[in-house]
Amino acid sequence: MSVPAWLLSRPIAHRGLHDAAAGIPENSRAAAEAACAAGHPIELDLQPSADGVAMVFHDDDLARLTGETGPVTSRSAAELGRMRLLDSAETVPSFAEFLDLVAGRVPLLVEIKSQPGSPAIATNALVEAALAALDGYEGAVAVMSFNPFAVAHGVMIRPDLPWGITTGHGPGLFPEHPDTDAAITGGATDPRDYGAAFVSHGLRAQDAPWIGDLRRAGVPVLAWTIRSPEEEAMARGFAANITFERYRPDPGPAPLDHGTDAPD
421 MSVPAWLLSR
431 PIAHRGLHDA
441 AAGIPENSRA
451 AAEAACAAGH
461 PIELDLQPSA
471 DGVAMVFHDD
481 DLARLTGETG
491 PVTSRSAAEL
501 GRMRLLDSAE
511 TVPSFAEFLD
521 LVAGRVPLLV
531 EIKSQPGSPA
541 IATNALVEAA
551 LAALDGYEGA
561 VAVMSFNPFA
571 VAHGVMIRPD
581 LPWGITTGHG
591 PGLFPEHPDT
601 DAAITGGATD
611 PRDYGAAFVS
621 HGLRAQDAPW
631 IGDLRRAGVP
641 VLAWTIRSPE
651 EEAMARGFAA
661 NITFERYRPD
671 PGPAPLDHGT
681 DAPD
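Residue numbers (the working numbering): 421 to 684.
What follows is the structure, given as structure tokens:
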């Protein structure tokens, strides 16, 4: 699967265009609306509810964003849907609700989260729930995960979607799953082995030696999370596009067709 032009051309709003001080929490409906109004693609995160529904939420624990206690996976979708985000009027949306709201107005970059303490393969159930919500959705979407097994599973089900691997927390390519990570012993595992078409890489790990190898091999690289013009300048040294928050980058040109593939 080739990478669509939008993924490499227009800065992507990290967890939506959020501003907690203005009552717009991350990964909320309001953050999605703000990104749509500004014309920015939206990066968002998915966690599973206790009853297996894909919910738009970053943390595996509820405390930081809702003030509740315990893991997201301990609550049903209905319970999560009633929880207020950061004392705002916003509540936790399901992925299906988020899709209905955005309705193809801007592209979406969806990150599938793994759950601490669970086997890596357990994330496959969340992949399936996310793809079920996407069934029939006509807007532009790309999907990524730190979990290479989740990516490989998703590629088998929806090879028509662009899939990527998120990297950049440690010395190797797959820091959350070191059993797959040949980089620890000297050579980076190729994300294309799992069907990934792109990499979203952390700015703090920009000196990872294998990033240059991937770029030279033609693998598109995005950079996260960029929070200032100075960081953007650093990111542009190795990445084609950025995921940003806390400032407004130059939006760049909007591609005429969200589905247009990037040039080889």
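Where a beta carbon is used, it is the ideal one built from N, C-alpha and C, also for glycine.
- Item | Residues near Thr486 in its chain [Cβ-Cβ closer than 7 Å; skip 5 each side] | Met503, Arg504 and Leu505, listed in sequence order.
- Residues that DSSP places opposite Val423 in a beta bridge: Answer is none; Val423 lacks a bridge partner.
- State the DSSP-derived secondary structure class of Ala608, mapped to helix, strand or coil. Any reading at Ala608 must be qualified, since the residue scores a pLDDT of 46, below 50, and its modelled position is unreliable; the value itself is stated next. In this structure, Ala608 counts as coil in the three-state DSSP scheme.
- Message: Less than 7 Å between the beta carbons of Pro527 and Ala474, yes or no?
- Response: No, they are not a contact pair.
- Item | Expected contact under 8 Å - CB spacing of Ala562 and Pro424 to nearest Å | Going by Cβ atoms, the distance from Ala562 to Pro424 rounds to 7 Å, so yes, they are a contact pair.
- Query: How long is the line joining the alpha carbons of Leu642 and Ser508, rounded to whole angstroms?
  - Reply: Taking the straight line from one Cα to the other gives about 31 Å.
- Task: Figure out for me which residue from Tyr557, Ser494 and Phe566 has the closest Cα to the Cα of Lys533.
- Result: Comparing Cα positions, the closest option is Phe566.
- Integer Cβ distance of Ala552 from Tyr614, believed to fall under 8 Å: Wrong, their Cβ atoms sit about 21 Å apart, outside the cutoff.
- Query: How is the alpha helix (DSSP H) around His573 delimited, first residue to last?
  - Reply: Its alpha helix (DSSP H) spans residues Pro568 to Ile577.
- Hey, Gly657 and Ala625 are a contact pair by Cβ (cut 8 Å); roughly how many whole angstroms apart? Not quite, the Cβ-Cβ distance comes to about 13 Å (not below 8 Å), so this is no contact.
- Query: Since Asp471 and Ala442 are thought to touch, with beta carbons under 8 Å apart, how far apart are those beta carbons, to the nearest angstrom?
  - Reply: Actually they are not in contact, since the Cβ atoms of Asp471 and Ala442 sit about 32 Å apart, beyond 8 Å.
- Task: Quick one: grab the DSSP three-state call for Ser620.
- Result: Strand at Ser620.
- Which of the three DSSP states, helix, strand or coil, is assigned to Arg666? Residue state, collapsed to three classes: coil.
- Item | Buried or exposed by the 16-neighbour rule on C-beta atoms within 10 Å, applied to Thr645 | Only buried fits Thr645, as 16 or more other CB atoms lie within 10 angstroms of its CB.
- Where do the ends of the beta strand (DSSP E) carrying Ile541 lie? For Ile541, no beta strand (DSSP E) segment is defined, and its DSSP state is neither H nor E.
- Item | Limits of the beta strand (DSSP E) - the one that Asp465 falls within | For Asp465, the enclosing beta strand (DSSP E) starts and ends at Ile462 to Pro468.
- Query: So Cys456 packs on Val512, CB below 8 Å; how close in whole Å?
  - Reply: Wrong, their Cβ atoms sit about 19 Å apart, outside the cutoff.
- Beta-carbon gap between Asp465 and Glu517 smaller than 7 Å: Remark: C-beta atoms of Asp465 and Glu517 do not approach each other more closely than 7 Å.
- Item | Between the CA atoms of Ser494 and Leu554 - distance to the nearest angstrom | Each residue's alpha carbon lies about 24 Å from the other.
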